[in-house]
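Presented below is the structure to which this report refers.
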Amino acid sequence: MKKLQIVFLDFDDIRNPLLGAGQAKSTYEVGKRLVKKGHSVTVLSGKYPGYKDRIEAGIEYKHISVGSNNIKFNNAMYILTVPFYISQLKADIILECFTAPISTLFSPLWTKIPVVARPTSFEADRFSKLYHLPFTIIEKLGCRLYKYFLPFSFFLEEKMRKLNPDITCAIVPEGIEDAYFQLKRKTAKHILFIGRYDIGQKGLDLLLEAFAKVAKKIGYPLVIAGRGPDENKIKQTVIKMKLEKYVKVAGPKFGKQKEELLSRALFAVIPSRHEGFSIFALEALAAGVPLVAFDIPGLAWISDEAVMRASKFDINEFANLMIKATNAELNSQMSHEARNLAKNYSWYDVAEKFEKFFYHVDYINNSNMNRAENYNNYFNFIGRKALKLFLSLINI
Numbered sequence: 001m002k003k004l005q006i007v008f009l010d011f012d013d014i015r016n017p018l019l020g021a022g023q024a025k026s027t028y029e030v031g032k033r034l035v036k037k038g039h040s041v042t043v044l045s046g047k048y049p050g051y052k053d054r055i056e057a058g059i060e061y062k063h064i065s066v067g068s069n070n071i072k073f074n075n076a077m078y079i080l081t082v083p084f085y086i087s088q089l090k091a092d093i094i095l096e097c098f099t100a101p102i103s104t105l106f107s108p109l110w111t112k113i114p115v116v117a118r119p120t121s122f123e124a125d126r127f128s129k130l131y132h133l134p135f136t137i138i139e140k141l142g143c144r145l146y147k148y149f150l151p152f153s154f155f156l157e158e159k160m161r162k163l164n165p166d167i168t169c170a171i172v173p174e175g176i177e178d179a180y181f182q183l184k185r186k187t188a189k190h191i192l193f194i195g196r197y198d199i200g201q202k203g204l205d206l207l208l209e210a211f212a213k214v215a216k217k218i219g220y221p222l223v224i225a226g227r228g229p230d231e232n233k234i235k236q237t238v239i240k241m242k243l244e245k246y247v248k249v250a251g252p253k254f255g256k257q258k259e260e261l262l263s264r265a266l267f268a269v270i271p272s273r274h275e276g277f278s279i280f281a282l283e284a285l286a287a288g289v290p291l292v293a294f295d296i297p298g299l300a301w302i303s304d305e306a307v308m309r310a311s312k313f314d315i316n317e318f319a320n321l322m323i324k325a326t327n328a329e330l331n332s333q334m335s336h337e338a339r340n341l342a343k344n345y346s347w348y349d350v351a352e353k354f355e356k357f358f359y360h361v362d363y364i365n366n367s368n369m370n371r372a373e374n375y376n377n378y379f380n381f382i383g384r385k386a387l388k389l390f391l392s393l394i395n396i
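Quick note on UniProt numbering: the sequence shown kicks off at 1 and runs consecutively.
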């Protein structure tokens, strides 16, 4: 089989201290497996403080734009400058990770290379309301440019098809490493959240309001691990709500520290207002940790046996479900179902689906190019024949 040259357009990077979110992890996990299959993988990320162009796990990371300490400024500059780099790329496939706040980078406008979109951030409506700017209109216009789409779920496929009915799609979820299945659940010490410190998307304000209602009754502290732009706001909210004894803002946790947090978690909380998929939810499930979450479309892939769902942003119901999740018998049943569900996902399978879709796109692209070339040859042939006939008539 042909070995492909693949470029990921991903603003984030697993080493970015300002972000380092789920899509960066997905890009890395899929990318390194595609490299093992013999493909060439380059990631075009945004700069950040201390960034270095590098090769990691066979993936070539290149960084563009500016790398200030302001993540929003970096994000905006990445969107503005990336077209100049796209136009210079040499590749068989470009995988564009949708980027906040406008989702689309309009990549198909800047290149003839086939572009596959991945809905990392596909919520321009939320950002339009937040900033009072027409991001939704930009998203609608941009989405019409794409021919290929790799959504995480049926919900995201349907959303794209409303904007672009002719899009070619394949649903490909996120994956999980085998190591999480090996974690043994230990005596519970806390309730756990791991994710980006982003109050608007991750709903950490809702979580703290709900937890404040049951903090004394529930008997377990809440650990909020991660990093992001709203860390100080979260700490201030904890103090303002007088939850210092019950809530620990733990900062980023990786490797063994993260595994220890998961193994000691009674249950995990996903209070997000919006999610594309949630890799943390899958990690928790694989570790046998039940979930409490709001009923949002991005988490619809989780079976009811492994998650307790509160109505959208109903703080009282969320608080009551946290109390319910402390029930030992119910928690044990959910733990078993959680691991069974997570077995359906693996990075190996995800990479296989990426590769299969990329080959499909490459085949279509080459067929179209050959067809166009044949058309050109045909019309050139007809043109020469017509010219020859015309000249012969003149000589009569």
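Just so you know, even glycine gets a beta-carbon here, dropped at the ideal spot from N, CA and C.
Contacts around residue i, its chain only, beta-carbon distance under 7 Å, and the 5 residues preceding and following it disregarded
| i | result |
| --- | --- |
| Ser68 | Asn74 |
| Glu177 | Trp347 |
| Tyr375 | Any reading at Tyr375 is ruled out, since the residue's pLDDT is 48, under 50, leaving its predicted position unreliable. |
| Ala286 | Ile176, Tyr180, Phe181, Arg339 and Ala342 |
| Phe127 | Ala100, Pro101 and Phe135 |
| Pro151 | Pro119, Glu157, Met160, Cys169 and Ile171 |
| Lys217 | Ile323 |
| Ile270 | Ser278, Ala281, Leu291, Ala293 and Leu299 |
| Phe390 | In this prediction, Phe390 scores a pLDDT of 49, lower than 50, which makes its location untrustworthy; the coordinate-derived value is nonetheless stated afterwards. Excluding residues within five positions, none has a Cβ falling inside 7 Å. |
| His39 | Lys3, Leu4 and Ile6 |
| His63 | Ser45, Gly46, Lys47, Tyr51 and Asp53 |
| Lys32 | Ala57, Gly58 and Ile59 |
| Ala124 | Pro101, Ile102, Ser103, Phe135, Thr136, Ile138 and Glu139 |
| Phe122 | Phe98, Ser103, Leu156, Lys159 and Gly276 |
| Leu163 | Lys140, Cys143 and Arg144 |
| Thr81 | Ile64 and Ser65 |
Cβ neighbours of residue i in the same chain (closer than 8 Å, five flanking residues each side left out)
| i | result |
| --- | --- |
| Tyr131 | Pro101 |
| Lys25 | Ile14 and Ile279 |
| Ser263 | Leu183, Lys184, Arg185, Lys186 and Ala287 |
| Lys36 | Gly58 |
| Ser311 | Phe294, Asp295 and Glu317 |
| Ser87 | Trp110 and Thr111 |
| Phe313 | Gly203, Leu206, Arg273 and Phe294 |
| Lys213 | Ile315, Asn316 and Ala319 |
| Phe357 | Val116, Tyr148, Leu150, Ala170 and Val172 |
| Asn331 | Leu266, Phe267, Pro290 and Ala325 |
Same chain, Cβ closer than 6 Å to residue i, five either side skipped, listed in chain order
| i | result |
| --- | --- |
| residue 429 | Because the chain in this structure spans residues 1 to 396, residue 429 falls outside the shown range and cannot be described. |
| Ala229 | The question names Ala, but residue 229 is Pro in the sequence shown. Within the same chain, Pro229 has close Cβ partners Ile71. |
| Tyr78 | Phe11, Gly46 and Ser65 |
| Asn16 | Tyr48 |
| Thr42 | Val7 and Glu60 |
| Pro83 | Trp110 |
Sub-7 Å separation of residue i and residue j beta-carbons
| i | j | result |
| --- | --- | --- |
| Val307 | Leu282 | no |
| residue 402 | Gly226 | Because the chain is modelled from 1 through 396, residue 402 falls outside the range shown and cannot be assessed. |
| Ala117 | Tyr146 | yes |
| Thr104 | Cys143 | yes |
| Cys97 | Asp198 | no |
| Phe267 | Ala325 | yes |
| Ala21 | Arg196 | yes |
| Leu206 | Ile315 | yes |
| Ile167 | Phe154 | no |
| Val30 | Phe254 | no |
| Tyr246 | Ala215 | yes |
| Pro114 | Asn365 | yes |
| Glu337 | Glu305 | yes |
Bridge partners - residue i, DSSP secondary structure assignment
| i | result |
| --- | --- |
| Arg227 | Arg196 |
| Thr120 | According to DSSP, which records beta bridges pairwise, Thr120 is partnered with nothing at all. |
| Cys97 | Arg118 |
| Val41 | Ile6 |
| Ala310 | Phe294 |
| Tyr61 | Val43 and Arg54 |
| Ile191 | Leu222 |
| Ser103 | Thr99 |
Residue i Cβ short of 6 Å to the ligand COA heavy atom set
| i | result |
| --- | --- |
| Glu177 | You won't find the ligand COA in this model; it holds no ligand whatsoever. |
Would you call the stretch 285 to 298 in contact with the stretch 230 to 243, where contact means no fewer than 3 C-beta pairs closer than 8 Å? no
Which full runs of the beta strand (DSSP E) of 3+ residues lie inside the stretch 241 to 307, going along the chain? 247 to 251, 265 to 270 and 291 to 294
Is it a yes or a no for the stretch 319 to 331 touching the stretch 162 to 173, going by three-plus beta-carbon pairs under 8 Å? no
Indicate whether the contact test is met: 3 or more Cβ pairs, each with one atom in the stretch 5 to 21 and one in the stretch 85 to 97, closer than 8 Å. yes
For the stretch 121 to 185, list the alpha helix (DSSP H) runs that are entirely contained and at least 4 residues long, ordered along the chain. As far as the stretch 121 to 185 is concerned, its whole alpha helix (DSSP H) runs of at least 4 residues are 124 to 131, 135 to 143 and 154 to 163.
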